[in-house]
Amino acid sequence: MVRRATTKTSTTSTKASTSSVKASSTSSVKASSTSSASSKTSSATVISVSSSTPASSVSSASSSTSLVADAACTNGPNSRQCWSGGYSIKTDFDLKHPTTGNTVTYNLEITNTTCNFDGNGDMQCYLINNQFPGPTITANWGDQIVVNVKNSLQNNGTGIHWHGIRQLNSMGSDGVGGLTECPIPPGASRTYSFQATQFGTSWYHSHHSSQYGMGITGQIVINGPASSNYDIDLGPLPINDLYYGLANNVNEVTLHNLQQNLPPPDGSNILVNGKGKSANGGSYSQMTLTPGKKHRLRLINTSVDNAIRVKLDGHNFTVMSADFIPIKPITGQNWLLLAVGQRYDVVFTASQGSGNYFFRAEVATDCFSGNTGKGRALFTYSGTTAAEPTDSNEAAPTNGCTELNTVPYWTQAVDQSQYASQVQTLNTGVAPGLTTNGQNFALWNLDTRAMMVNWDKPTAEYVFEGNTSYPDPYAVLEIPTEGTWTYWLIQMGQQNPPLPHPIHLHGHDFFVLGSGAGVFDASTAVLNFANPPRRDTSILPGLGWLLISFPANNPGIWLMHCHIAWHISEGLGVQFIEAKNSIVMPDKTAFNSQCDAWRSYSKNMLYPQIDSGL
């Protein structure tokens with residue numbers, strides 16, 4: 001059973017606008033990777049620290065999945081379903097995962113600087129290790145990942161969230177200021193540590209207001225089995241919207257536009273792998289193809305607002321995973337829609353033999369996304385001189401912002417017996433929110449309230465104290481019993497802007513039982529309990545409903561929110577406190593030390609919290 005938490009009214013004074021970012025034009029950045037505090041190298045490459053710990057199975061959750069481990073086989077171009085130690089593509093990682101005994105360590109430093117992403121000129125940005133996108137964190141399934149993050153920003157706190165990572169027994173590394181930690185103050189560092197219990201493709205980003213739109217993003221690759229064979233892994237290809245007006249400032253404009261029922265400003269361009277062209281210059285990212293070979297490409301939408309459709313001219317995709325979930329391969333895909341936060345791993349054959357081909361990234365207008373730019377990357381066959389082909393300017397199709405209907409590789413039924421008695425409705429829409437200087441601001445609500453946390457006192461501190469009097473704006477929903485199935489109907493009010501929302505859940509993936517237009521009607525809705533799509537980010541249709549389910553098998557404090565940065569900034573989120581008495585809490589000394597340092601800084605910080613904080 002799920003219950004809403006006992007709450008008290010927050011007395012925290014906040015402002016409903018966003019201050020501009022103060023940044024320096026130059027920064028000294030050191031990128032290093034270490035195996036000990038005294039050992040440094042000049043790049044952010046990983047150091048793998050081996051131990052004698054044998055691979056083992058870790059059991060976590062009850063599920064109806066039937067698992068049969070493969071006999072020993074070796075992962076290769078013609079056997080990507082294999083892994084090692086009896087683990088394979090058949091292994092549902094919610095039930096068990098390997099433990100390799102290896103640790104991979106990265107050092108990340110976040111700095112103020114200026115960037116010229118697409119030739120349009122310098123603009124303020126925040127970078128990780130002086131690069132955009134940030135370094136790709138690479139590990140093998142079952143490795144321990146350790147990331148040391150230093151905040152060298154001049155006047156902002158920060159933190160890093162590891163999108164889609166389950167954080168089994170490591171909730172304190174989820175990286176959400178106001179929930180699992182206090183922000184990292186300028187000049188301070190912290191270490192995130194978590195096991196790669198899943199495999200596939202994801203990304204990491206700041207969860208400090210709309211900060212990641214300023215450049216604080218990077219990719220995650222966890223090597224493991226796959227449901228399609230391939231010869232060459234091209235690696236991750238992040239795609240993001242770019243705002244010349246700076247994401248932090250656009251966040252403020254968006255809030256004020258909401259008061260007048262106006263859309264947010266359009267994006268200025270679309271970058272592919274951190275690069276793009278404008279009328280004033282720029283360059284495209286390039287990739288090389290080997291004729292006749294099957295190539296794996298890891299697509300990630302790291303935007304703050306725009307849903308994006310992508311295509312590789314002259315080639316069709318076979319989709320083999322959605323977010324972290326391996327799926328039954330879907331062949332013959334031309335254009336693919338990615339909502340903010342979503343990922344698809346695809347395979348395609350370099351069947352053209354030679355030539356140059358555009359990879360296209362176009363704003364999805366049917367998702368009410370706006371952008372005046374077009375994203376491109378250049379894919380060149382080996383032996384061919386790289387040159388831009390003639391651009392057909394082919395228009396992307398529209399389908400009402402409907403995501404790909406996927407079938408998980410693992411057949412798993414959702415317990416339907418508890419659904420009718422346990423389903424909870426979370427209504428969302430625009431409603432009066434906070435009042436500042438006598439002016440009431442409309443905000444995005446979820447579960448009848450706009451979420452707002454206090455960076456000075458994160459939810460984890462309440463749990464440490466045994467204090468259940470959470471402020472009402474914390475939007476806490478308690479899931480008291482571990483092992484139960486939970487069901488959440490997210491319903492948009494019919495008098496709201498008709499915007500689709502990419503709903504993302506921390507600490508879990510979830511099963512998409514159904515979605516549709518208008519008001520949910522249990523008597524007519526077609527729901528899938530037998531083997532529903534499973535992912536960690538799914539589209540709530542505009543003015544429609546989304547019904548999801550997940551088992552309470554990961555005790556922790558988990559945020560669920562719209563991944564459009566402006567919308568979670570305006571409150572569209574809730575947090576689950578799951579099986580509170582079973583949570584593996586972070587080290588209390590380290591937690592308190594970071595919060596003490598943050599509170600000391602926040603007393604006089606230049607840019608105080610002015611939105612949800614998320």
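The sequence shown runs contiguously to residue 614 in the UniProt record's numbering. The beta carbon of each residue, even a glycine, is placed where N, CA and C say it ideally should be. Treat the numbers as computed from the prediction; the structure is a model and nothing was measured.
Do you know offhand how far residue i's Cα is from residue j's?
i	j	result
V430	V272	33 Å
P185	P238	28 Å
S210	T158	11 Å
H501	I548	14 Å
H97	N445	37 Å
Q594	E181	8 Å
Y462	S227	43 Å
T290	Y381	6 Å
H207	D266	22 Å
V340	S582	32 Å
M560	A579	16 Å
T385	K374	24 Å
D94	N156	36 Å
P135	S354	31 Å
I503	Y357	33 Å
R309	N269	14 Å
M287	L378	6 Å
K30	K150	Legend: pLDDT at K30 = 32, less than 50; position of this residue unreliable, no value from coordinates given.
I232	M171	34 Å
D118	G215	14 Å
I need the DSSP call for residue i, collapsed to helix, strand or coil.
i	result
L95	coil
S602	helix
W566	helix
L540	strand
V147	strand
F317	strand
L262	coil
L527	coil
P473	helix
C595	helix
K311	strand
V584	coil
S268	coil
N102	coil
H508	coil
S421	helix
F117	coil
E109	strand
Y244	coil
A442	strand
Under 9 Å between the Cβ atoms of residue i and residue j?
i	j	result
T111	N130	yes
A322	L404	yes
L153	S569	no
N169	V584	yes
Y204	W162	yes
Q194	Q219	According to the sequence provided, residue 194 is Phe. The question's Gln does not apply to it. Not a contact, by the Cβ cut-off of 9 Å.
F324	T406	no
W558	F576	yes
F520	V414	no
A442	P473	no
T103	D143	yes
Q342	T537	yes
S523	I539	no
L614	V476	no
G556	S612	no
Measuring from the CB of residue i, is there a heavy atom of the ligand COA at a distance below 8 Å?
i	result
A590	Only the bare structure without any ligand can be found here, which leaves the ligand COA out of the picture.
How many whole angstroms separate the CB atoms of residue i and residue j, which I take to be in contact at a CB cut-off of 8 Å?
i	j	result
P458	G177	7 Å
P225	I89	4 Å
residue 632	R296	This structure gives no information on residue 632, because the portion of the chain shown stretches from 1 to 614.
Determine, for residue i, whether the minimum Cβ-Cβ distance to residues of chain E falls below 9 Å.
i	result
L338	Of the protein chains in this structure there is only one, and it is not chain E.
* Asked: Which whole runs of the beta strand (DSSP E) in the segment 323-400 are 3 residues long or more, in chain order?
  -> 325-333, 336-338, 343-349, 356-363 and 375-381
* Could you tell me which uninterrupted alpha helix (DSSP H) segments, each at least 4 residues in length, are contained entirely in the segment 152-231, listed from first to last along the chain? => none
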